[in-house]
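Read the structure below first, then the notes.
Residue numbers (the working numbering), protein chains in the order written: chain W, 5 to 417; chain L, 5 to 417.
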């Protein structure tokens, strides 16, 4: 048996990021840039006011104060989006709004809270009383202060969040070049499976894994394609598995254990390259990795919890690497066990658990329900996987254990 | 001026969760259940094997061991999905796969690792050597052990994650009843705005806020609808704002400060109910809340950073409450300042910052770039808002400050 880390490393070493595509700005959300974003303008594009107020000559208002206001002649009103028409000379000012271009002659802005309107309510042709001094360049944002035309504002490899989208829009990008979302084919296998809309007859259970996997693929940043259920015959299994090359990745569930009727392994050996492991983990020891016509292939065990844990440990990192992410590991935190846990020492255990913040600092963790459930209840109620190492068999309440945070994205501090 | 908390509370008190809708199972991902999910079956639906092995009568194998194997006659092979045809009598066994129904007569399963095949390789008509005892019910999952038909497996109000989707599929739900996603209208205002595809002329800047808001709405669980740019005229602004009732929520940016050309306020007073505040926060002090034809309305300031911070503090909780979530507050953690920070004492500051985990435990935090930027660079590079309270003006390096985690979902422990 190999360890989880060995298996993950072995898989990831064979995966490359997918090619790039050009998408509409907002559709780039959550994806990874494959090209840098370069500005086509200076930011700010012109000297402009950082405040609503009056554009003045700093020298004119050096002595201004509440009790010693300086009266200036008001030339014009410059709203945001307009262009100034007049040059501010000695003893003059122009009313100016936030973001509006500075008029020639003026070198500072006095904010509206520090003036008193004079004649004509401080409007054009009237006067304004300046009640505070202003240093040269005060409340003025200089042209190209932040970014010069041609400068890179977002790097290739960065994830596109909401702020990146705004930033890209500001510098002229209606589209972005990002890594393609991995297209993931999902196949469930087994004669015992019936559709969710059917009531299972004797010996049958519903196919839930296809839906769980579709959700997991979407959350990982991939595009799920449910291909359906392969019955336990060579023909049926071959028919679905041979479609792998239409996709970037194929994931099946069921049919890879040591059971007699598991044909996935046999078909894989026939039409692809098989790399079968037993990973030293529970749940989900038997895992298959391989390729079909060059498309990576995962055979996850059919038990719903094993499927989810296997996806989390092996498939999610692959989808993220294909999508261009470099953070491939969920955050791990230490938490104090709130009860004893026993396990067999032969392998790593991943217990579906719930971590909570303690008022006094740090975290505590407890299992989130029946661990041998055929249902995903514990997975649903939990927010982490408690990772209990190989070689040990007893963990007393109060012990610190490592928890893999399923409620946090990779790269979260 | 009112505090951020007062403003948030005032807004949220007027918001109700939206009505429910029925959606396909996988489309319910990330949404909130508006009805409980009830099982239409027993789980397990029948007594079944938890292992690949042999179904036996426990009494027959009580004395079995490696050196004292018990030889049993093998009746049949029961794969998953099949139904047993034979009753296991004394001295008999049937080969059984994980998940397959227990045959009548048998009351325990001996796993395949604890047997040796006898005649006919342990297949039907042959024999098997049992090398370990089994207690009654060992490796047998009992019918209805986990869930009885009619029992609730997911509660109304719970968020639908991947595990919930699998769970719902298992108990017969191809669709789920969830809260509707809020439809959010996005309007930017200002004569100075040009489209992202245009090169801004003198005095103009690009409309980036519409795109940032669309991304933020999507991340919050809403459905963004960009309505376009309202010019600074009554007619243009009225035309767009009067469309509010087509949506669940309207958000505008720009046009609500104290500037002379801000017509949003005037139009709102004319066609809706206006509730204008100055919130004691920076960035983003002037915020408008109100209703137009009963649709909640937010007027956020036009500066891109103020827009984002205003959205985060006021609009995101509203979208989440409408979508049915009960956790409306981002996680907050204490972090040690890695440099001095000065501020004015008059109001709360939200500094765009980057929090990192310290190897020795806990977190440290530093601002993520130029805080007065016209661009969203600091917001892009940061992962939190450092929240510095009213009434204080200096925070020395080493001080513990509260950080609002923008990289974590509400409700994360």
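Positions of the beta carbon are idealized from the N, C-alpha and C atoms, including for glycine.
Burial is judged here by how many other beta carbons sit within 10 angstroms of a residue's own beta carbon; residue 377 of chain L has at least 16 and is buried. Here residue 68 of chain L is not near residue 140 of chain L, since their CB atoms are 7 angstroms or more apart. Nearest Cα to residue 311 of chain W within the set W/278, W/15, W/190 and W/358: W/190. The DSSP assignment places 112-115, 119-121 and 131-134 as complete runs of the beta strand (DSSP E) inside the region 102-151 of chain W, in order along the chain (cut-off: 3 residues). Counting only runs of at least 4 residues, the region 152-216 of chain L fully encloses the following alpha helix (DSSP H) elements, listed from N- to C-terminal order: 166-174. Taken in chain order, the members of the region 39-53 of chain W whose beta-carbon sits within less than 8 angstroms of a beta-carbon on chain L are 44, 45, 47, 48, 49 and 50. Ranked by Cα distance from residue 287 of chain L, the options L/219, L/347 and L/267 are led by L/347.
For residue 310 of chain W, the enclosing alpha helix (DSSP H) stretches over residues 308-314. Its Cα nearest to that of residue 319 of chain W, the residue W/220 stands out among W/220, W/122, W/81 and W/109. Per the coordinates, the alpha-carbon of residue 313 of chain L lies some 9 angstroms from the alpha-carbon of residue 383 of chain L. Checking the DSSP bridge columns, you'll see residue 100 of chain L partnered with L/57 and L/82. The beta carbons of residue 112 of chain W and residue 46 of chain W sit no closer together than 7 angstroms.
Note: residue 25 of chain W is bridge-paired with W/182 in the DSSP secondary-structure output.
Residues of the same chain with a CB within less than 7 angstroms of the CB of residue 117 of chain W, apart from the 5 flanking positions on each side, do not exist. Following the DSSP letters along the chain, one finds residue 412 of chain L in no alpha helix (DSSP H), marked with neither H nor E. Counting C-beta pairs closer than 8 angstroms gives fewer than three between the region 266-285 of chain W and the region 217-232 of chain W, which falls short of the contact rule. Against chain L, the CB of residue 355 of chain W has no partner CB under 7 angstroms away; the residue lies outside that interface. A contact is defined here as three or more CB-CB pairs under 8 angstroms, and the region 28-36 of chain W meets this definition with respect to the region 173-187 of chain W. Closest in C-alpha terms to residue 8 of chain W, from the list W/146, W/316, W/193 and W/145, comes W/316. If you draw a straight line from the Cα of residue 94 of chain W to the Cα of residue 410 of chain L, it comes to about 49 angstroms. Bounds of any beta strand (DSSP E) do not take in residue 13 of chain L; it lies within the alpha helix (DSSP H) bounded by 8-16.
By the neighbour-count criterion, in which a residue is buried when 16 or more other Cβ atoms sit within 10 angstroms of its Cβ, residue 18 of chain W is exposed. The criterion of a C-beta distance shorter than 7 angstroms is not satisfied by residue 366 of chain L and residue 306 of chain L.
In this structure, DSSP gives residue 381 of chain L a helical state, which the three-state scheme calls helix.
Within the same chain, Cβ atoms closer than 6 angstroms to the Cβ of residue 415 of chain L are found at 331, the five residues on either side in sequence being excluded. Burial state of residue 203 of chain W is exposed, judged by a 10 Å Cβ sphere holding fewer than 16 other Cβ atoms. In this chain, the beta strand (DSSP E) harbouring residue 254 of chain L covers 253-257. In the same chain as residue 195 of chain W, and ignoring 5 residues on each side of it, the C-beta atoms closer than 6 angstroms to its own belong to 235 and 236, in chain order. A Cβ-Cβ distance of about 5 angstroms is found for the pair residue 41 of chain W and residue 172 of chain W, placing them in contact under the 8 angstroms criterion.
Following the DSSP letters along the chain, one finds residue 233 of chain L inside the beta strand (DSSP E) bounded by residues 227-234. In the three-state reduction of the DSSP assignment, residue 64 of chain W falls in the helix class, which pools H, G and I. Here DSSP, grouped into helix, strand and coil, assigns residue 325 of chain W to helix.
Chain order gives the chain L residues near residue 195 of chain W as 83, 84, 85 and 86, where near means a beta carbon separation below 8 angstroms.
Residue contact check for residue 303 of chain L against chain W: no CB pair falls below 7 angstroms.
Contact of residue 276 of chain W with chain L is not assigned, every C-beta pair being separated by 7 angstroms or more. Here residue 355 of chain L is bridged, per DSSP, to L/390.
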